[in-house]
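Chemist:
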Amino acid sequence: MEIRDLLLTEFDAEMKKTRATLERVPEGAPDYKPHDKSTSIAKLAGHLAQLPTLAAMVVDLPELDFSTAGMKPLVMESSQQLLKAFDSNVKQAREAIVRADDANLQHPWKLRVESHIIMEGTRYEALRNMLLNHVIHHRAQLGLYLRLNNCPVPSTYGPSADES
Numbered sequence: 007m008e009i010r011d012l013l014l015t016e017f018d019a020e021m022k023k024t025r026a027t028l029e030r031v032p033e034g035a036p037d038y039k040p041h042d043k044s045t046s047i048a049k050l051a052g053h054l055a056q057l058p059t060l061a062a063m064v065v066d067l068p069e070l071d072f073s074t075a076g077m078k079p080l081v082m083e084s085s086q087q088l089l090k091a092f093d094s095n096v097k098q099a100r101e102a103i104v105r106a107d108d109a110n111l112q113h114p115w116k117l118r119v120e121s122h123i124i125m126e127g128t129r130y131e132a133l134r135n136m137l138l139n140h141v142i143h144h145r146a147q148l149g150l151y152l153r154l155n156n157c158p159v160p161s162t163y164g165p166s167a168d169e170s
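156 is the number that my numbering gives to position 150 of the sequence shown; each next residue is one higher, with no gaps.
See the structure below:
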């Protein structure tokens, strides 16, 4: 079995859970944040919806330097815009993972900001850590934002208090 097949199984499951969480983000409080040091719910939801774009960069590029990448953060403007972007990003990410064979996934990959190295390892490690684990981390944060806004939190790895 190819490594990508293992990744795709997990990717599909995590993206389904992530979409369910994004579907519940309220539109009425885009500036909400639970603490002054927290990011707003609109920025957090946008970041979560944008994270799958990393897959193609990992698969296709030897490294990514945020200082020269010209990436613009996605900020939620509406549920429709957020979900449309997420669905498109997931589709492109899945296509990138499909075209990555074992040899590709074992190549070195680096994430940096100029000379500061954020992550260095194989492409497989980048997809696991900088994509999947990163999505899971921010999805959990967003789940807390939902709870604090009295929005139902979807089940992820078992039932939530809102779904049994």
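Don't be surprised by glycine CBs; every beta carbon is placed ideally from N, CA and C.
For clarity, every value in this text was computed on a predicted model and none was experimentally measured.
Buried or exposed: which applies to M7, given that a residue is buried once 16 or more other Cβ atoms fall within 10 Å of its Cβ?
Modeler: M7 is exposed by the Cβ-count criterion.
Chemist: Based on DSSP bridge pairs, tell me the residues matched to D71.
Modeler: Its beta-bridge partners are R118.
Chemist: Under 8 Å, do L200 and L50 count as touching if we go by C-beta distance?
Modeler: Only positions 7 to 170 of the chain appear in this structure, which leaves residue 200 out of reach.
Chemist: Taking DSSP's pairing of strands, which residues face I123 in a bridge?
Modeler: Answer is R118.
Chemist: So is the beta-carbon of R30 under 7 Å away from any non-hydrogen atom of the ligand SAM?
Modeler: Ligands are entirely absent from the displayed structure, and the ligand SAM is therefore not among its contents.
Chemist: Got a sec? Which residues, its chain only, sit under 6 Å from A99 by beta carbon, not counting five neighbours each side?
Modeler: These residues qualify, in order along the chain: P58 and A61.
Chemist: Considering only the beta carbon of each residue, do D37 and A48 sit closer than 8 Å?
Modeler: In contact: D37 and A48 (Cβ atoms closer than 8 Å).
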